[in-house]
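Asker: The structure that follows is given in the form of C-alpha cells.
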Amino acid sequence: MGNPRGGPAAAARFLEDKAATYGDAVSAGVAVPPWRVVRSGAELVSAHKELSRFGTVCLKPVTGVGGAGFRVLTTEPLALEEVLTFPSNAARVDEVATGLDAYARSGQPVPALMLMPYLPGPEVSVDCLGDDAVD
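Quick note on numbering: this note's numbering labels position 32 of the sequence shown as 43, and the sequence is numbered without any gaps.
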C-alpha cells in the first residue's frame, strides 16, 4: 500500500480517504469488496444497480469518522412500522439520488460517497491500522 511517512497523523490522513485506501489495497494484491464512488443521483442509481447483484448495498462518505453517514440502501417504499419506531440506518435510493442532485444545484460541492455491498457480521475498520507508536 502507499507509504504514509511521518507518524500516526500522516497514517491517519492516508487512511482518511476510504476509496484511495481501497485502491491502494487492490494495487497491493489485497482483496477488497467491489465499490463505486458517486457524486450525483445518476451515478448513485447506476452504482446501486451494478452492486445490487452482490446483495444489499450500503453507502458511506469517502471521508468520515465512525459510522457517520453510513446507510443501507433500499428501493422499498416507506413502511408504517418505520414511521412508528426509532429511525433506522436505511435510506431509499431514489431519495438519496434526489438529495444529491438538489445539493449540487444549490452550488455546494457534493462530497464523494462510496457504495459497496453490505457485509454482515463484525466490522474491523481500517481505522485500526493506525497506532499510537512514535516513529
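Note that beta-carbon positions come from the ideal geometry of N, C-alpha and C, so glycine has one too.
With C-beta atoms as the reference, is Ala58 less than 8 Å away from Arg82?
Answerer: no
Asker: Please classify Gly52 as buried or exposed, where buried requires at least 16 other C-beta atoms within 10 Å of its C-beta.
Answerer: buried
Asker: Helix, strand or coil: which one does DSSP assign to Arg82?
Answerer: strand
Asker: Val68 by DSSP, collapsed to three states: which one?
Answerer: strand
Asker: Determine the contact status of Leu62 and Val107, defining contact as a CB-CB distance below 8 Å.
Answerer: Cβ atoms of Leu62 and Val107: not closer than 8 Å.
Asker: Which residues bound the alpha helix (DSSP H) around Leu55?
Answerer: 52 to 62 is the extent of the alpha helix (DSSP H) around Leu55.
Asker: Report all residues from its chain with a CB closer than 7 Å to the CB of Gly75; omit the five preceding and five following residues, and keep chain order.
Answerer: none
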